[in-house]
Amino acid sequence: MMQTPNYYSKAEFIETDTGNKVSRRATISGPQNIILGGKTIISNGAIIRGDLKRAGPGHAVVISLGRYCLVGEGCVMRPPYKTYRGAFNYYPMKIGDFVHIGANTIVEAATIGNHVEIGKNCVIFTIIKDCAKVADNTIIPPNTVVPALTLFAGSPGHFVEDLPESTQEVVEAYTKSYYTRFQPAER
Amino acid sequence: MTPSVLYHCPCLSTDPAPPPPNTPSSSYRFHPLHELFFCEECDAVRCNRCVSVEVSGYHCPNCLFEVPSASVRAEKNRCARNCFMCPNCRNTLSVVPSDPPDADDGRASVANLSPVGEPPFFLYCNYCRWDSAEVDMTFEKPTGLAAQLQKFEDSAPESLEFERLKEHFEPFLRASSSSSSGLSHANHSHATPVNPITAAASSALARDIPGVGKYTPAPRGRRDKGARDEISEYRSRVEVGGTKDAANVDFMRRLEAVSQVAALGQRWANSWSTTLRASEMKPLRIPLHSKKTKRCPTCRHILIKPEQKAQSVRFKIKLVAANYLPAMTVAFPSSQDSARQRGAGGRQATVEDKSGASGLYAGGTYPFHLALTNPLYDPIQVRLAVQRQIPPPSSSVPSASPEKAPARRPPFAVSLPQSAFPVAAFAEAWEYEDDEDMFGGEEDEIGGLDREHGGPGGKGKTVGVLERRANVTVVGGEVVVGRDAKGPVKFNMLVSYTYRSDDPLAEDDVRATPSRKEKAPEMKTFTFYTVVDLGLVVPRPRTGAE
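The structure is reproduced here in structure tokens:
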């Protein structure tokens, strides 16, 4: 009963065979380098830079997202980069399952674990472990690690508190119900 | 604000009834369901405030290295690898090399660059651009910085003093702990352990500082008294106060900008008192985090036991209340029904309805839905009741004093289904059911129900069981908000559910409650309190009725 549908206009989203819902108004560069795990929603205005791949020929996975993820409106996802021994390179970005990223957040992380919630207007340049949560308006500079089951907030982001032990179940249920509620309008 | 249901934890209180829902101080008693634990042995809800906590492992939150507890003490509870905190903004610092020396032609010579970079190395904050060269800290090698930093920390006069103090008490502590080890083990409570050290310290305090009363613990026999006298006098090396304060006063006198003084937040994480000058703050090794084992405060059974690995989010033992108590959510049907009826065509209407539901108007009558989800493998019978009797603080009759009456009696009336209703058992299969199908089915059912009770006017059907689906039962309640009501509509609700405890599937119960399990077909009842928050009563601008 709590599953109030959250309608979207059918023309606005493309649904793939595996249940991914990608907005037509999202900018997906280099789609051949992007993997979506299934039942993942890419919202309006999101930008995913699959074109920023490692130097060299051929395909390479640049950004992979797991199942039941949400990339919020106006998010920018781009792979991290590094100059190592004088050579500039992009590195792949891997995002686990059940990850929600709030609106207008910029993500340039190497890894985001499973069951992670990231708030709105964040800037993330870091590694986020499983079941972590980043509050709205948080900035996490490079070299910081967000450990499992913690809440980070602030600018720069700090550890705030440990999350309850059942975070995994809560986030999983929430992300699943979010996907279920995300329904096309019949028209 | 969305309506919510919070669960009550009695926290070992002998009175099972929760405090009144509206007082600000009662919020500590109510928790979201997913934060609560459940002790099978005691058959009781436990919360983070009442469980006893033990550290099961230490790790650095940054490099996630698991630190053996033996080295935790030696390394002063901080990371001994390369994890540092910026003294300015508390961000994580990174080790950076100096600029590579230019080759003759002016270009950086990439060829003979060492992989780690050129010494000297700095600690650099990529958030606030602080770098350790500001405090004359550079390193020849990019590794083992923590050891160098710790050497510096350990040479602080306070640290030396503390070490000496520890040394001074060490033999005494060893002697007393060996003789009273059994006693200190039993004494795990929050109360200060009454051991000879405390006694000695308090007597020393009483002697040195006049006016401080001597702390007298419960009489514990002759041996302690003798032992207290044995301890020799300790003479400190560091003068208390002394030159540092004078320097600080001088510094404060010449202060030009507030930012010159290190803020409390910047000094907070330091082990020892440090300089007041923001410009002289040293980088800090990152404090370790711990994984915690949680035990029931009464029977000492483990409720939470994490896996050892720092990154792991799994638990060897995890007894959370969500696996035992029915999960409850509360919502107003109006927004959802209208959203369904009008479909996506009426986006405006949905928004309107949402804003309507977020506030209750005085004098209105609102139906609400409570959805109960059964986590057990057995069907349960649930009975709901509003806690009407708020225990009066004094014996006076509420109606006697008109000023007190509104505070005592809530300005709204809640009706809930009177009879017990069933919630079907949880079955794994529903987990795998396709989400879309579940959603579709649910929508149909709501539609059918709507026709049945025909709009908000159908008062006969607003209270009672509205819907049953899988292991979820939705019941309707109704709240009548008084004419001159204001403030939050919050009430305590007593939930009791009955289930068969002999079901072969419920192995956990068989194991947990052997005493009650003697007779086979037994119904068990568990009762708990919740507080239901339906939102705020908004002052009504006009007198139109709902």
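Residue numbers (our numbering), protein chains in the order written: chain A, 1 to 187; chain B, 1001 to 1546. No residue lacks a Cβ here, since even glycine has one placed at the ideal position from N, Cα and C.
Based on the DSSP output, what are the partners of residue i in its beta bridges?
i       : result
D1131/B : Y1124/B
V146/A  : I128/A
N121/A  : According to DSSP, which records beta bridges pairwise, N121/A is partnered with nothing at all.
F1172/B : DSSP lists no partner for F1172/B.
C1039/B : A1044/B
L1012/B : Answer is none; L1012/B lacks a bridge partner.
I34/A   : I63/A
T1092/B : M1085/B
T1329/B : A1371/B
E1522/B : According to DSSP, which records beta bridges pairwise, E1522/B is partnered with nothing at all.
E15/A   : K21/A
I1286/B : DSSP, once it has assigned bridges, lists no residue as partnering I1286/B.
H1031/B : Y1007/B
N1492/B : V1531/B
A1262/B : For A1262/B, which the question treats as bridged, DSSP gives no partner whatsoever.
Y158/A  : Here residue 158/A turns out to be His, not Tyr, going by the sequence shown. The partner list for H158/A (beta bridge, DSSP) reads A153/A.
E199/A  : Because chain A is modelled from 1 through 187, residue 199/A falls outside the range shown and cannot be assessed.
V1538/B : Y1361/B
E1054/B : T1293/B
E960/B  : Given a span of 1001 to 1546 for chain B in the structure shown, any question on residue 960/B remains unanswerable.
Q1381/B : P1422/B and T1498/B
E1118/B : S1098/B
Y174/A  : Answer by DSSP bridge pairing: none, since Y174/A is not bridged.
K133/A  : E117/A and L151/A
Below 8 Å on C-beta distance, what does residue i contact in chain B?
i      : result
T144/A : N1062, N1091 and T1092
A148/A : A1310, Q1311, S1312 and V1313
F182/A : Under the 8 Å cutoff, chain B gives no residues; its nearest Cβ is about 10 Å from F182/A.
Which chain B residues sit within Cβ distance under 7 Å of residue i?
i      : result
K129/A : Q1311
At 7 Å on the CB atoms, spell out the chain A contacts of residue i, in chain order.
i       : result
V1320/B : E165 and S166
F1139/B : By Cβ distance, chain A contributes nothing, its closest Cβ being about 17 Å from F1139/B, past 7 Å.
Give the residues of chain A in contact with residue i, contact being defined as C-beta atoms less than 8 Å apart.
i       : result
E1035/B : P164 and S166
In chain A, which residues lie less than 9 Å from residue i when you measure between Cβ atoms?
i       : result
H1289/B : P147, T150, F159 and D162
For a contact meaning CB atoms closer than 9 Å, what does residue i contact in chain B?
i     : result
P80/A : Under the 9 Å cutoff, chain B gives no residues; its nearest Cβ is about 13 Å from P80/A.
Looking at the ligand NAP, does it come within less than 8 Å of residue i, judged from the CB to the closest heavy atom?
i     : result
T40/A : Summarising the ligand content, the structure contains no ligands, and the ligand NAP is consequently not present.
(request) Compile a chain-ordered list of the residues in the segment 161 to 173 of chain A whose CB is closer than 9 Å to at least one CB of chain B. (result) D162, P164, E165, S166, T167, Q168, E169 and V170
(message) Restricting to runs no shorter than 3 residues, where is the beta strand (DSSP E) found entirely within the segment 60 to 121 of chain A?
(response) 63 to 67, 81 to 84, 87 to 90 and 93 to 95
(message) Using a Cβ-Cβ cutoff of 7 Å, what residues of the segment 1294 to 1306 of chain B are near chain A? List them in chain order.
(response) I1304
(request) Residues of the segment 86 to 100 of chain A with a CB closer than 7 Å to any CB of chain B: list them in chain order, please. (result) G86
(request) Decide if the segment 1037 to 1052 of chain B is in contact with the segment 1078 to 1085 of chain B; the criterion is three or more beta carbon pairs, one per stretch, under 8 Å apart. (result) no
(request) Could you say if the segment 1271 to 1278 of chain B and the segment 1250 to 1263 of chain B meet the contact criterion of at least three C-beta pairs nearer than 8 Å? (result) yes
(request) Quick one: which residues of the segment 31 to 58 of chain A get their C-beta closer than 7 Å to a C-beta of chain B? List them in chain order. (result) none
(message) Check whether the segment 1126 to 1134 of chain B and the segment 1152 to 1159 of chain B are in contact - that is, three or more C-beta pairs closer than 8 Å.
(response) no
(message) Could you check whether the segment 161 to 178 of chain A touches the segment 126 to 142 of chain A, counting it as contact only if at least three pairs of C-beta atoms, one from each stretch, sit closer than 8 Å?
(response) yes
(request) Count the CB pairs spanning the segment 58 to 67 of chain A and the segment 36 to 44 of chain A that are closer than 8 Å, and state whether there are at least three. (result) yes
(message) Quick test of the definition: if touching needs 3 or more C-beta pairs under 8 Å, does the segment 1158 to 1166 of chain B touch the segment 1139 to 1146 of chain B?
(response) no
(message) For the structure I just gave you, are there three or more beta carbon pairs, one from the segment 1293 to 1306 of chain B and one from the segment 1050 to 1058 of chain B, closer than 8 Å?
(response) yes
(message) Contact between the segment 84 to 101 of chain A and the segment 1014 to 1026 of chain B is defined here as three or more beta-carbon pairs at a separation below 8 Å; is this criterion met?
(response) no
(message) With three or more beta-carbon pairs closer than 8 Å as the criterion, would you say the segment 1089 to 1097 of chain B touches the segment 141 to 159 of chain A?
(response) yes
(message) Contact between the segment 118 to 126 of chain A and the segment 88 to 97 of chain A is defined here as three or more beta-carbon pairs at a separation below 8 Å; is this criterion met?
(response) no
(message) Across the segment 1411 to 1418 of chain B and the segment 1476 to 1487 of chain B, are there enough close Cβ pairs to call them in contact, namely three or more that are closer than 8 Å?
(response) yes
(message) Quick check on the DSSP output: what are the complete beta strand (DSSP E) runs of length 3 or more inside the segment 1295 to 1325 of chain B, in order along the chain?
(response) 1302 to 1306 and 1315 to 1318
(request) Would you check if the segment 1311 to 1320 of chain B and the segment 171 to 178 of chain A touch, i.e. whether three or more CB-CB distances between them fall below 8 Å? (result) no
(request) For the segment 1026 to 1033 of chain B and the segment 1305 to 1315 of chain B, state whether three or more C-beta atom pairs, one from each stretch, are separated by less than 8 Å. (result) no
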